[in-house]
Structures are given as C-alpha cells and as structure tokens.
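Under the UniProt record's numbering, the letters of the sequence shown match residues 1 to 325, in that order. Built from N, CA and C at the ideal position, the CB exists for glycine as well.
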Amino acid sequence: MPKIANYFSGSPGATPGRCRSTTVAPMSQSNGRQPGRDPERHRGAVTLRRGAIPTSTADQRLLDSRGRGDWKTKDAWRALRILSEFVEGFDTLADLPPAVSVFGSARSHPDSPECRLAEELGAALARAGYAVITGGGPGVMEAANRGASDAGGLSVGLGIELPFEQGLNDWVDLAIDFRYFFARKTMFVKYAQAFVVLPGGFGTMDELFEALTLVQTGKVTRFPVVLMGSAYWRGLLDWLRDSMAAEGKIGPVDLDLICLTDDVDAAVQHIVEAEAALSAEQDAVREEAVARTAADQQAAADSAGNRAQGGGPAGPTGSGAGRRG
1 MPKIANYFSG SPGATPGRCR STTVAPMSQS NGRQPGRDPE RHRGAVTLRR GAIPTSTADQ
61 RLLDSRGRGD WKTKDAWRAL RILSEFVEGF DTLADLPPAV SVFGSARSHP DSPECRLAEE
121 LGAALARAGY AVITGGGPGV MEAANRGASD AGGLSVGLGI ELPFEQGLND WVDLAIDFRY
181 FFARKTMFVK YAQAFVVLPG GFGTMDELFE ALTLVQTGKV TRFPVVLMGS AYWRGLLDWL
241 RDSMAAEGKI GPVDLDLICL TDDVDAAVQH IVEAEAALSA EQDAVREEAV ARTAADQQAA
301 ADSAGNRAQG GGPAGPTGSG AGRRG
C-alpha cells in the first residue's frame with residue numbers, strides 16, 4: 001500500500017467478528033487528571049476550584065432545558081454568551097499562521113503508539129510552518145502540542161467545559177476555554193488548513209464526521225482529512241465502503257475525501273500540496289476578477305469617450321442612431 005492513499009482502492013478487510021457485549025461501560029470521570037492536582041473549571045475569565053465547581057456545564061444547561069420559561073427568557077440571554085464565545089475565538093485566532101487541527105483520544109497513554117505518532121506529527125507540522133491546534137487536553141492532544149512546541153512552532157489549545165475537567169496541558173502556548181461545543185468546533189475548522197485524526201473515541205469521531213460533512217456539502221473546499229493509524233481505522237473504513245457506500249448512502253466520490261497513512265512526512269506533504277492547489281485556484285480566481293474589472297473599466301472609458309465626442313453609444317448597427325436628441 002502506498003504511504004498515503006485512498007484506503008478504499010484496496011481490498012476489503014477480514015470479516016468482522018461477533019460483538020462480545022452490549023453493555024456500555026460508564027465513562028471514567030477521573031481520566032485525564034494528574035495525580036495530586038485539584039480539578040478546576042474555567043468560565044471565561046472565571047476559574048472555579050474544588051467545592052465551587054457546579055455539577056453541570058453550560059452546554060448541558062442549554063440542551064437540557066425543558067420548560068417554556070427557559071426558552072423565552074434564559075435562552076435569549078444565553079445567545080449573548082454564545083455570541084461572546086464566537087467573538088473571543090475570532091479575535092484571538094484571527095492572526096494565527098496557517099494551522100492544522102489534530103484530534104485523538106484524551107485517554108491514550110503517553111507511551112502509546114498514537115501518542116508517539118502525534119508528537120512526531122506535531123513537530124513535522126511545526127517545521128513545515130504550521131501552527132498545531134488541538135483540544136488542549138491530555139493524551140494524543142498533549143503529544144501533538146508537545147511536538148509542535150519542542151520544534152519551535154505555535155501550539156494552540158481550544159479547551160471545553162466538561163463535567164470532569166481535564167484542564168489544558170502544559171505544552172499549549174495559546175489557549176481559549178469554551179463553554180459550548182459548537183463555538184469551539186467552528187474554530188477548529190475556520191482556522192485550520194486540514195484535519196489530522198488519530199485514534200480516538202466519540203469526540204474524535206464527532207470532529208471527523210463533521211469535517212467530512214462540511215467537505216461533502218461544499219461548506220469548505222480542498223480541506224484534507226487525514227487518518228493516521230491504519231490498524232485502528234481499518235474496520236471503520238471497511239464499513240464505510242462495504243455498508244454505507246454499497247447501500248448508496250454515500251457516493252463513490254465521498255470515499256475519496258479520506259486519506260489514510262502511517263507516515264508523518266506523507267501526511268504533511270499531502271496537506272502542503274492541498275494548500276498549494278487551493279492557493280493556485282484562489283490566485284486564478286483573483287486574476288480572472290482583475291481581468292474582468294479591467295475590461296469593464298476599458299469599456300466604460302470607451303463609452304465615455306464616444307459620448308464626449310457626441311457620437312453616443314453604438315447601436316445595433318454600429319451607428320449613433322440610439323442616441324437621444
């Protein structure tokens with residue numbers, strides 16, 4: 001298999017085995033905590049610790065509201081808080097250099113293969129001139145931030161308020177804490193030239209499929225989505241091809257939106273080439289617009305010259321018969 005390619009050009013994978021259990025284990029609330037460190041919660045400029053931390057989050061209070069009293073009063077005021085998160089994100093990230101958003105599990109051990117891969121990736125992206133954006137948490141996110149920071153790049157963390165606070169890792173240079181997932185997710189896409197997705201859980205899947213949907217629907221263009229860790233992703237990619245595409249729920253062209261590799265250099269090169277292609281397209285559009293504007297200006301100047309000479313604009317026969325007396 002080439003170092004980076006459309007996975008779906010290969011042969012189908014092995015027949016999946018039987019499900020071993022239908023029981024979903026509860027999420028560990030202690031995961032991602034550092035021993036001996038007090039948990040803390042950020043609400044914009046406010047930091048809460050220990051007993052001051054509420055048991056719910058802003059997202060939960062918004063989505064769990066049931067009565068009309070909430071909808072008519074509290075939700076209207078929440079709109080201002082939501083707006084403030086977008087303003088804060090736009091203002092803080094507006095001067096960011098070209099960047100790549102990297103996703104992966106907060107539960108991965110620092111010595112895991114995906115964390116080692118993420119650290120190598122973060123360093124390679126930094127050397128290529130990209131800032132690295134992550135969720136700012138532990139695991140794969142921390143490894144990518146560390147790689148970027150160690151290589152002299154800009155390491156960005158977009159944190160989120162959770163019932164079990166993870167906190168920002170120590171390798172983040174520029175951080176924003178969000179209350180609302182949808183505001184945070186906008187920043188991941190708006191200020192990135194690509195997504196690189198390493199092994200992760202539901203949150204990682206959420207970001208992956210949102211990116212694929214945005215590209216599929218034309219909301220973003222030439223936005224590479226790279227999966228790293230072929231052994232981890234093989235089952236999902238087989239399912240996309242053999243079930244979703246086979247039943248016509250997505251088209252064959254949609255499968256081409258995903259690239260798979262285990263090679264860091266190949267992933268970075270794929271991103272660089274996609275950015276160069278997009279820049280070339282944008283330059284061509286600008287040149288066409290400039291040429292069209294110049295032609296319109298020349299036509300207007302010619303028309304003004306004709307009027308100044310008393311000939312008026314040329315009619316269908318090339319005469320001045322259409323000019324008013």
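Outcome for residue i when other beta-carbon atoms lying within 10 angstroms are tallied against a minimum of 16
| i | result |
| --- | --- |
| Gly201 | exposed |
| Asp177 | buried |
| Gly305 | exposed |
| His270 | buried |
| Glu273 | exposed |
| Met244 | exposed |
| Val290 | exposed |
| Trp77 | exposed |
| Thr293 | exposed |
| Ser11 | Reliability fails at Ser11, whose pLDDT of 45 lies under 50, so the model's placement of it is uncertain and the value that follows must be treated cautiously. Exposed: under 16 other Cβ atoms inside 10 Å. |
| Thr204 | buried |
| Gly218 | exposed |
| Glu161 | buried |
| Arg179 | buried |
Beta-bridge partners of residue i, as assigned by DSSP
| i | result |
| --- | --- |
| Arg49 | Glu40 |
| Ile160 | Phe178 |
| residue 327 | The chain is shown only over 1 to 325; residue 327 falls outside these bounds and no answer can be derived. |
| Val197 | Phe103 and Leu227 |
Backbone secondary structure at residue i - three-state DSSP
| i | result |
| --- | --- |
| Leu227 | strand |
| Gln204 | Reading the sequence as shown, one finds Thr at residue 204 and not Gln. Residue state, collapsed to three classes: helix. |
| Ile250 | coil |
| Ser105 | coil |
| Leu154 | coil |
| Thr293 | helix |
| Val285 | helix |
| Tyr134 | Here residue 134 is Thr; the residue named in the question, Tyr, does not match the sequence. In this structure, Thr134 counts as strand in the three-state DSSP scheme. |
| Asn169 | coil |
| Asp64 | coil |
Supposed contact pair residue j and residue i - C-beta distance, whole angstroms, cut 8 angstroms
| i | j | result |
| --- | --- | --- |
| Leu212 | Val225 | 6 angstroms |
| Phe103 | Val172 | No, Phe103 and Val172 are not in contact; Cβ-Cβ is about 15 angstroms, not under 8 angstroms. |
Worksheet item: Looking at C-beta atoms only, is the number of pairs between the segment 115 to 124 and the segment 140 to 150 that lie closer than 8 angstroms three or more?
Response: yes
Discussion item. I want to know whether the segment 86 to 100 touches the segment 110 to 118 - three or more CB-CB distances under 8 angstroms.
Written reply: no
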